[in-house]
Structure formats: structure tokens, C-alpha cells
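Residue numbers (full-length UniProt numbering): 1 to 291. Written below as C-alpha cells is the structure these notes are about.
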């Protein structure tokens with residue numbers, strides 16, 4: 001029976017992968033810094049303690065693992081953590097890593113967030129391991145950050161201006177989990193492939209507000225804010241300033257229409273169905289946004 005390790009089991013994407021692997025005919029080991037916080041429970045899933053900064057603990061939990069799903073919280077040491085994991089996987093005899101990166105990953109990008117993603121990918125590409133890289137577009141789950149303002153003020157505040165061309169290419173986190181699980185279950189079919197995971201829609205924030213209005217049955221408005229206002233909000237949430245500054249770069253590129261990845265068929269091909277639409281996402285999570 002195949003043994004699979006999944007990192008990030010309490011995050012949106014790691015949790016979605018575990019939910020898709022639950023009850024499958026595989027042994028799943030989920031890596032957490034605190035296993036007591038495990039969310040997905042199933043007889044074929046066990047939880048182990050480990051930390052990306054502790055190479056010895058990584059080698060221990062990777063022992064006996066054939067395929068691993070690599071995802072970590074996005075912050076300034078993102079690439080370094082992926083490098084630590086890849087080196088530990090090589091020492092432990094893992095044969096394949098499925099890495100969650102991001103659309104636009106590029107070592108040479110002037111946008112720091114995209115350069116960090118490129119650095120993380122480079123660690124895996126230069127290793128001795130078989131690999132598959134998943135590059136998701138903008139997560140639908142990001143809109144949970146607007147839930148309070150939608151509930152209390154009927155507003156979505158974001159730094160994307162008023163240009164109708166400032167669109168996002170969205171993708172549902174549960175779809176990502178399903179796609180990743182399918183690759184983990186049949187890794188040999190995906191060796192050396194890079195998949196750009198998107199839904200079928202490109203929406204600007206007025207479009208997004210219209211979807212919320214339709215589903216919630218009341219007018220929801222998009223409120224453009226400045227980069228400075230949005231950055232201040234991140235700093236209030238204890239986001240490191242270097243990360244906040246890198247996100248300002250990305251917001252600016254999106255607002256200017258310079259970063260709007262085209263939808264692809266990769267996700268549909270991996271999950272065998274049409275991707276979840278933004279309206280379907282909102283309807284499935286309507287309780288989070290209702291006043």
C-alpha cells in the first residue's frame with residue numbers, strides 16, 4: 001500500500017488534500033507542528049509532529065514515505081522551508097514530491113511573491129526527486145477575509161482600483177485538494193509536469209460584488225482602497241512587513257492589468273469535471289457571509 005505524506009494539514013489546501021485522500025486505499029501521514037490540532041479524521045490518516053526548520057524531524061517523519069505533498073504557509077522563509085523539506089526527502093528516500101507553488105512563479109520576477117515561489121520551485125527542480133508542480137491562481141477562500149465587512153457593512157474593500165480589466169483568475173481550494181490528491185495517487189503519470197490550476201472565470205471586484213449580491217439577496221458593494229490602507233490592514237493582522245510590501249507589488253500589477261493569468265484546462269483534466277464557479281463557492285459557504 002502506498003504511503004503518502006501531506007504537509008499543512010490544518011491549512012486550506014492541506015486540509016482539502018486530506019479530505020480527498022480520506023478513505024482511499026493508501027496510508028496517509030499528515031505533518032503538523034501540533035498534531036492535537038488535527039482537523040480531518042479518518043482511519044487511513046495518522047498525524048505526526050514535525051517542523052520545516054528542523055531537518056532531523058523532517059527526515060524522521062519522511063522515513064518510509066513514497067510520495068509527499070509539499071505546501072507551507074506563505075511568508076518570507078517560504079522558499080527556505082521548501083528547500084529544507086526537499087533535502088530531507090532526498091535523504092529519507094522519498095521518490096516523488098507534489099509541490100504547491102503559485103501561478104506566475106518566476107525566479108527573475110521583480111514581484112517578490114512570484115520570485116519566492118520561483119525559488120521554492122528551483123529547490124525541487126534541482127533535486128534528485130521526481131516532481132510535479134501545481135500552480136494555483138487566486139484562491140476563492142481569500143474572500144473569507146472580507147466576511148466581516150460583508151456581514152456588517154455590505155462592503156468588499158480591496159486595493160484593485162476601478163478598471164474593469166483588473167481581473168482575478170479564481171480557483172476553489174477544494175478543487176485544488178482534489179487535483180493534488182489525484183496526482184498523489186498516480187504520481188508516475190505526472191512526473192516533470194507543471195500544472196496551472198484555475199477555474200474558468202476571470203472576475204473583477206465589481207463582478208465579485210455582484211455574485212455576493214445575487215446569492216445573499218442584498219446589495220454588496222466593492223470599495224476600492226489604496227495600497228497604503230490595505231497594507232495597514234495586513235500589518236494589523238501581524239503580517240510581516242516584507243510580506244506586506246511584496247503583496248503591494250502584486251496588487252499593483254493586478255490593478256494595472258499586468259497580472260491576470262489566463263484560465264487553463266489543467267484543473268478540469270486533473271479532476272475530471274468542470275471547476276467550481278465563484279457563485280458555487282459563495283453558495284456553499286453562504287453562512288460565513290450572511291448578516
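In this text, a Cβ means the ideal position worked out from N, Cα and C, and glycines have one as well.
Proximity winner among the options, relative to residue i (alpha-carbon distances)
i	options	result
residue 271	191, 96, 77, 176	176
residue 93	99, 66, 71, 70	66
residue 285	229, 111, 212, 136	212
residue 24	44, 262, 11, 8	44
residue 99	278, 6, 289, 246	6
residue 9	38, 22, 27	38
residue 88	71, 140, 197, 56	56
residue 229	251, 218, 217, 219	251
residue 3	140, 46, 279	46
residue 58	40, 28, 91	91
residue 62	73, 199, 49	49
residue 215	82, 279, 20, 70	279
residue 32	26, 1, 70, 22	70
C-alpha distance - residue i paired with residue j, whole-angstrom precision
i	j	result
residue 192	residue 101	14 Å
residue 75	residue 42	30 Å
residue 168	residue 241	24 Å
residue 130	residue 96	4 Å
residue 112	residue 77	12 Å
residue 11	residue 54	20 Å
residue 80	residue 120	7 Å
residue 283	residue 217	12 Å
residue 174	residue 273	13 Å
residue 153	residue 159	17 Å
residue 188	residue 133	13 Å
residue 135	residue 245	22 Å
residue 118	residue 124	10 Å
residue 277	residue 86	34 Å
residue 161	residue 114	21 Å
residue 289	residue 139	17 Å
residue 221	residue 190	42 Å
residue 262	residue 150	28 Å
residue 233	residue 157	11 Å
residue 137	residue 210	21 Å
residue 60	residue 22	23 Å
residue 51	residue 68	15 Å
Environment of residue i [buried if 16+ CB atoms lie within 10 Å]
i	result
residue 34	exposed
residue 238	exposed
residue 235	exposed
residue 226	exposed
residue 36	exposed
residue 331	This structure cannot speak to residue 331, because the chain is shown only from 1 to 291.
residue 310	Any property of residue 310 remains undetermined from this structure, which presents the chain solely from 1 to 291.
residue 163	exposed
residue 64	exposed
residue 291	exposed
residue 84	buried
residue 72	buried
residue 219	exposed
residue 20	buried
residue 223	exposed
Whole alpha helix (DSSP H) runs in the region 77 to 156 with 4 or more residues, listed along the chain?
-> Within the region 77 to 156, the runs of alpha helix (DSSP H) that reach at least 4 residues and sit entirely inside it are, in chain order, 78 to 92, 112 to 125, 147 to 153.
3-residue-minimum beta strand (DSSP E) runs that sit fully inside the region 3 to 64, ordered along the chain = 3 to 7, 27 to 32, 45 to 49
Please list the segments of the alpha helix (DSSP H) lying wholly inside the region 244 to 281, counting only runs of 4 or more residues, in order along the chain.
-> If we require 4 residues or more, the alpha helix (DSSP H) runs fully inside the region 244 to 281 come out as 266 to 271.
Cβ contact check for the region 14 to 33 and the region 176 to 191: 3 or more pairs under 8 Å | yes
Are at least three pairs of beta-carbons, each pair with one atom in the region 256 to 267 and one in the region 203 to 222, less than 8 Å apart?
-> Result no; under three Cβ-Cβ pairs closer than 8 Å.
Taking the runs of the alpha helix (DSSP H) that are 4 residues or longer, which of them lie wholly in the region 183 to 257?
-> 205 to 216, 227 to 236, 241 to 255
Does the pairing of the region 103 to 112 with the region 144 to 153 give three or more beta-carbon distances under 8 Å?
-> no
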